[in-house]
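I have placed the structure first, in the form of structure tokens, so that the comments after it can refer back to it.
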Amino acid sequence: MLFATALVAQNNMNSPYSRFGLGVLSEQQVGADRAMGGIGIGTRGHNNINLLNPASYSTIDTLSFLFDFGFSLQNGNFSENGKKINAKNAGADYVAMQFRVQPKIGMTVAYMPYSKIGYAFSSEEIVRNDEDGEITATNMYAGNGGLDCVIAGLGWRPTEWISVGANASYIYGNLLHSVKNSYSDNTIYTRQKTYKAELSAIKFDLGLQSTIKMGENSLVLGATFAPKTELKGESFVSDIIVNNASEVQMADTTEIEAPFALPNGFGFGASFVTEKLTVGADVSYQQWSNVDLFGKKDGLDKIRVSLGAMYQYDKNSKNILKSSTYRAGLYYQQPYCKLENIKAPTEYGFTAGFSIPIVNRYNNRSTIDVSGQYVRMQPEGSMLMTENYLRINVGISFSERWFAKWLVE
12 MLFATALVAQ NNMNSPYSRF GLGVLSEQQV GADRAMGGIG IGTRGHNNIN
62 LLNPASYSTI DTLSFLFDFG FSLQNGNFSE NGKKINAKNA GADYVAMQFR
112 VQPKIGMTVA YMPYSKIGYA FSSEEIVRND EDGEITATNM YAGNGGLDCV
162 IAGLGWRPTE WISVGANASY IYGNLLHSVK NSYSDNTIYT RQKTYKAELS
212 AIKFDLGLQS TIKMGENSLV LGATFAPKTE LKGESFVSDI IVNNASEVQM
262 ADTTEIEAPF ALPNGFGFGA SFVTEKLTVG ADVSYQQWSN VDLFGKKDGL
312 DKIRVSLGAM YQYDKNSKNI LKSSTYRAGL YYQQPYCKLE NIKAPTEYGF
362 TAGFSIPIVN RYNNRSTIDV SGQYVRMQPE GSMLMTENYL RINVGISFSE
412 RWFAKWLVE
């Protein structure tokens, strides 16, 4: 029997599936794009930061400075064999800024998580049941940590219809997992194994976008590529055995290599843009089957398909309902790792949200972005845990005319 328990952690994660691989991979997006099913490879906008394709940075105009930060609240429902439990989490998600450094060149700096680990659960097994009594073994599993990401990128538009860009990301963090084995018979010693890895890497992402004019409308095509990156660092396994008086009977720590890597990644996207409506789709593919996870090539190629739409009736209207932006989307995502030779759960999601303009005498381009996500983690095996999340994302995006020059007569 498997029981998930609430875990309070800074990384806003509470999932037993974060025990595998590098943890649960985070969405590399700001709040507005999350409301559109996670599309971004083939979208461009001068008033929002699109981290999925660095070629989009070139859209920012000369006078503007963008600053965006966001946080989320979620309720997770975990069910297995007819048993259910809820867990709530909240935390900060990202901070990002974007500005123009030269004509046709935009720059973005951002900080956000790359992966998250957070779980605490137990399993019980009867190891003996005879005339001398019953003995139960309990395994307690716990983990926390993950990888964080600092991003700096440039986007350049050499012509009116083509843009290129690149991100350089410093990824760092630690993975911490522990297993504690204890027994209902106090004469049997307790054993705990702890695995810890401290990892870091410099990761690069390349992006390309092409804008094709179609009368008053336009078609945007995008592509991205991320080369394979080795994660460097130190890792070790500690093994401790204690007796019923908590006296250490044996302790051993073994340092091992850090056999981890980030895979080749490819992405393609397209969007059709009119004055009021934008619709788009993305497909991304990551070759996790060709990299090491815990010293084994035990990963799965990750595929994600996203669809999204955005509608704004009149951005210049004084009516807040007409000037607000409305977004919706859905996505399907294959897992990137196995659970002890079993495929991890497939993820499905539906998103919807809106952006309300912040209007004052100095600025009417900043927005409050609110979106909701319903996420289902559906395993293939009937004996595995199903996860359902209801997540609320809130972002505040400041778009300021910082670089306007005063005209003095």
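Read in order, the letters of the sequence shown are residues 12 to 420 in the working numbering. Built from N, CA and C at the ideal position, the CB exists for glycine as well. All of these numbers come straight from a predicted model, not from anything done at the bench.
Where Leu341 is concerned, the enclosing beta strand (DSSP E) starts and stops at Thr336 to Gln344.
Counted as a single uninterrupted DSSP element, the beta strand (DSSP E) harbouring Gly154 occupies residues Gly144 to Trp167. In the DSSP assignment, the residues bridged to Asp216 are Asn178. Sequence-distant partners of Gly319 (beyond 5 residues in either direction) whose C-beta falls short of 6 Å from its own C-beta, in its chain, are Met47, Gly48, Ile50, Gly291 and Gly340. The beta carbon of Ser195 is closer than 7 Å to those of Ile146 and Thr147 in its chain, skipping five residues each way along the sequence. Taking 8 Å as the cut-off, the beta carbon of Gly406 is found no closer than this to the beta carbon of Val231.
DSSP places Ala43 in the uninterrupted alpha helix (DSSP H) bounded by Gly42 to Arg45. Rounded to the nearest whole angstrom, the C-alpha separation of Glu209 and Leu187 is 9 Å.
DSSP, read as helix, strand or coil, puts Tyr324 in coil.
Note that the region 299-311 does not touch the region 326-335; fewer than 3 beta-carbon pairs, one per stretch, sit closer than 8 Å. Our two residues, Tyr200 and Ala153, have alpha carbons roughly 20 Å apart in a direct line.
Rounded to whole angstroms, the gap between the alpha carbons of Thr70 and Glu91 is 47 Å. Remark: C-beta atoms of Asn64 and Gly218 approach each other more closely than 8 Å. Distances from the CA of Ser282 to each of Pro390, Ile367 and Arg55 were compared; the closest alpha carbon is that of Arg55.
Leaving aside the five residues that flank Asn155 on each side, the residues in its chain whose CB is nearer than 6 Å to its CB run, in chain order, Ala20, Ile128, Gly129 and Leu187. Inside the region 280-334, DSSP marks whole alpha helix (DSSP H) runs of 4 or more residues at positions 331-334, from first to last along the chain.
For the pair Ser382 and Asn254, the Cα-to-Cα distance works out to about 51 Å.
Here Ala66 carries a helix assignment [DSSP, helix/strand/coil]. Here the region 355-370 makes no contact with the region 72-86; the two share fewer than three CB pairs at distances below 8 Å. Linking Arg202 to Ser189 through their CA atoms gives a straight-line distance of about 11 Å. The continuous beta strand (DSSP E) containing Gly87 extends over residues Phe76 to Glu91. Given a length threshold of 4 residues, the region 192-236 has no whole run of the alpha helix (DSSP H) inside it. Note that the C-beta distance between Glu391 and Lys349 is not below 8 Å. Proximity to Asn192 across Met118, Ser126 and Asp250 peaks at Asp250, based on C-alpha coordinates. The beta-bridge partner set that DSSP reports for Gly129 consists of Asn155.
The C-beta distance from Arg402 to Phe365 rounds to 16 Å, too long to fall under 8 Å, and the pair is not in contact.
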